[in-house]
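Participant: Start counting the sequence shown at 274; every next residue gets the next number (the numbering used here).
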Amino acid sequence: MVRALAVKLLNGLSLSLSEEIMAKVGVFFGTDTGNTRRIAKDISTALGSAIAAKPVNIRNAEVADLLKYDTLILGTPTYGEGQLPGLSTGNATESWEEFLPKLAGHDFSGKKVALYGLGNQKGYPTEFVDAMFYLYESFKQCGATLIGAWDSDGYNFKRSKAVVDKRFIGLVLDQENQKELSPARLDAWLKMLAEAWV
Ligand SMILES: Cc1cc2nc3c(=O)[nH]c(=O)nc-3n(C[C@H](O)[C@H](O)[C@H](O)COP(=O)(O)O)c2cc1C
């Protein structure tokens with residue numbers, strides 16, 4: 274009886290401990306055709322469940338869900354012509370376009386935010402991954418510290434709002450034209466982030 278209780282207590286303890294550990298990095302994404310969700314899953318798998326929470330589609334999230342984490346990884350594709358994903362660009366569901374206005378007045382100071390963006394550099398060479406910039410701007414305005422800037426070498430485009438101080442403001446992946454490069458890019462970026470977390 275006592276032993277059974279001890280086992281139960283221990284199980285409960287390990288559960289609450291692992292829940293606490295799982296709450297370290299929140300992963301949220303917007304998507305229309307699934308690419309950004311697949312990368313979110315890859316991120317979660319690479320970091321492991323001890324570090325990363327299960328990825329959540331931003332259309333199912335409230336600001337309070339993001340505020341639970343001290344570190345966030347946020348992903349977005351770009352739609353329309355350099356716009357956020359969402360209803361106005363013909364996406365099937367609400368997304369970052371509808372979420373970002375809800376951030377107004379919320380305090381993200383002390384929180385680290387890393388962005389990743391998906392886009393098509395051949396199809397949209399003058400609006401390449403622009404949507405990432407709108408996330409960058411909105412979270413910065415709320416006091417967040419943006420981490421995870423990424424070199425733009427190796428991409429072929431003319432213009433991108435997501436280039437600030439000569440670097441992308443987050444990881445950029447192009448599943449249409451450079452899919453084969455994505456796993457190594459993701460791996461290198463996550464290693465860089467892990468160093469920024471310690
Ligand atoms: C209608 C449409 C518009 C797009 N506009 C842009 C754009 O302006 N800039 C860009 O870099 N990529 C653009 N893309 C490419 C998408 O961002 C890319 O396909 C991305 O991987 C889609 O992500 P998802 O599968 O998560 O929705 C566009 C794609 C479509 C279908």
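Glycine residues also receive a C-beta, built at the ideal position from the N, C-alpha and C atoms.
Quick caveat, the model's predicted, so the values are computed rather than measured.
May I ask you to check if the CB of THR304 is nearer than 7 angstroms to at least one heavy atom of ligand 1?
Facilitator: For ligand 1, at least one heavy atom lies less than 7 angstroms from the Cβ of THR304.
Participant: In whole angstroms, give me the CA-to-CA distance for MET405 and MET465.
Facilitator: Between MET405 and MET465, the C-alpha separation is close to 19 angstroms.
Participant: Thinking C-beta only, is LEU388 closer than 8 angstroms to GLY443?
Facilitator: It is a contact, given that the beta carbons lie within the stated cut-off.
Participant: For the beta strand (DSSP E) that contains LYS385, what are its first and last residues?
Facilitator: Residues 385-391.
Participant: What did DSSP end up calling PHE372 once you bin it into helix, strand or coil?
Facilitator: In this structure, PHE372 counts as helix in the three-state DSSP scheme.
Participant: Exposed or buried, what is ILE294 when buried is set at 16 or more other beta-carbons lying within 10 Å of its beta-carbon?
Facilitator: With a pLDDT of only 40 at ILE294, under 50, the local geometry of the prediction cannot be trusted, and the value read off the model is given with reservation. With fewer than 16 Cβ atoms within 10 Å of its Cβ, ILE294 is classed as exposed.
Participant: Tell me whether PHE381 sits in a helix, a strand or coil according to DSSP, three-state version.
Facilitator: If DSSP states are grouped into helix, strand and coil, PHE381 belongs with coil.
Participant: Exposed or buried, which one is ASN364 when buried takes at least 16 other CB atoms within 10 Å?
Facilitator: Looking at its Cβ environment, which holds 16 or more other Cβ atoms inside 10 Å, ASN364 is buried.
Participant: Less than 7 angstroms separating the Cβ of GLU371 from some heavy atom of ligand 1?
Facilitator: False, no ligand heavy atom lies under 7 angstroms from that Cβ.
Participant: From ASP338, LEU360, GLY321, pick the residue whose C-alpha is nearest to that of PHE301; which is it?
Facilitator: Considering only alpha carbons, the answer is ASP338.
Participant: Can you name the start and end residues of the beta strand (DSSP E) that PHE302 belongs to?
Facilitator: Unbroken beta strand (DSSP E) run through PHE302: 298-302.
Participant: How many whole angstroms separate the CB atoms of GLY383 and VAL445, which I take to be in contact at a CB cut-off of 8 angstroms?
Facilitator: Contact doesn't hold; Cβ gap of about 26 angstroms is too wide.
Participant: By the DSSP assignment, the alpha helix (DSSP H) with THR318 in it spans what residues?
Facilitator: THR318 -> alpha helix (DSSP H) spans 308-320.
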